[in-house]
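In the working numbering, the protein residues as written are 23 to 185. The beta carbon of each residue, even a glycine, is placed where N, CA and C say it ideally should be. Treat the numbers as computed from the prediction; the structure is a model and nothing was measured. Structure first, commentary second.
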């Protein structure tokens with residue numbers, strides 16, 4: 023749901039920028055879908071940054087006055103993002119940073135990025151909950167150690183292809 027609303031919000035935002043007819047209605051649709059996306063999953067708070075990058079992609083010499091339309095998105099993102107964090111902390115869904123060492127947190131975040139990219143291309147064994155790949159304080163998958171190298175390789179390939 024989060025992805026559907028996220029993409030829909032992005033579509034209507036771009037549509038409001040590219041058309042003259044019903045411009046404000048498309049913008050309001052975009053805001054509503056953004057709110058639905060955040061309410062579906064808190065990770066949607068990055069949409070204003072994505073829209074900012076799309077604005078820059080459309081016109082690298084973008085002016086500050088053209089970005090005032092993003093203020094409602096950033097405001098909604100901050101408001102609902104803080105609300106989501108507060109609710110998740112009160113329910114015990116957020117762990118303390120000291121639970122894992124720094125290197126394990128870096129490895130797990132790299133592993134998560136690679137795993138989600140893989141599952142986007144090959145949607146098998148999907149789940150609502152993906153536990154940390156660790157049992158008895160030992161990382162139980164060599165993919166966790168390999169994932170930072172995969173990310174570095176992908177970044178290198180993207181830079182090589184695009185530049």
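Between residue 53 and residue 30, the C-beta spacing is not below 9 Å. Here the C-alpha atom of residue 144 lies approximately 21 Å from the C-alpha atom of residue 179. The beta carbon of residue 173 sits closer than 7 Å to the beta carbons of 132, 135 and 136 from its chain, once the five residues preceding and following it are set aside; these are given in chain order. Under the three-state reduction of DSSP output, residue 161 falls in the strand class.
Taking each of 63, 61, 65 and 77 in turn and checking the Cα distance to residue 33, the smallest one comes out for 77. DSSP places residue 148 in the coil class of the three-state scheme, outside both helix and strand. In the DSSP assignment, residue 57 falls within the alpha helix (DSSP H) that extends over 45 to 62. Inter-residue distance for residue 75 and residue 101 is about 21 Å (C-alpha atoms, whole angstroms).
Note on geometry: alpha-carbon atoms of residue 183 and residue 175 lie some 12 Å from one another.
In this model, residue 26 and residue 106 are separated by some 19 Å (Cα to Cα).
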